[in-house]
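Encoded as structure tokens, the structure appears first; notes follow it.
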């Protein structure tokens with residue numbers, strides 16, 4: 440799980456669409472903010488996602504909320 444988070448952070452720095460992970464003690468629940476790309480309909484908008492990873496991840500898929 441930790442390596443997945445580190446990989447996501449590396450990709451975030453290279454992507455034209457920026458996102459950040461809100462840090463918490465619960466590695467099974469990620470709260471992510473995604474900023475819309477400039478020059479698109481989504482520019483200057485911020486969207487929040489909650490991703491819940493089940494106990495048996497990666498054998499079970501995470502759920503995306505919000």
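Residue numbers (our numbering): 440 to 505. Every residue gets a Cβ at the ideal spot worked out from N, C-alpha and C, and that includes glycine. Being a predicted model, the structure only gives us computed values, none of them experimental.
Is the Cβ-Cβ distance between residue 491 and residue 477 less than 7 Å? Against the chain shown, residue 491 aligns to sequence position 52. Against the chain shown, residue 477 aligns to sequence position 38. Cβ atoms of residue 491 and residue 477: not closer than 7 Å.
Determine which residues share a DSSP beta bridge with residue 458 and list them. For the purposes of this step, residue 458 is taken as the residue at position 19 of the chain shown. Paired residues: 473.
Specify the secondary structure class of residue 467 as computed by DSSP and reduced to three states. Numbered from its first residue, the chain shown carries residue 467 at position 28. Note: residue 467 maps to coil in three-state DSSP.
Nearest to residue 475 (by Cα), restricted to the options 463, 500 and 457: For the purposes of this step, residue 475 is identified with residue 36 of the chain shown, where counting begins at 1. For residue 475, the nearest C-alpha among the options comes from 457.
From 462, 471, 500 and 467, residue whose alpha carbon lies closest to that of residue 488: For the purposes of this step, residue 488 is identified with residue 49 of the chain shown, where counting begins at 1. Here the closest residue by C-alpha is 471.
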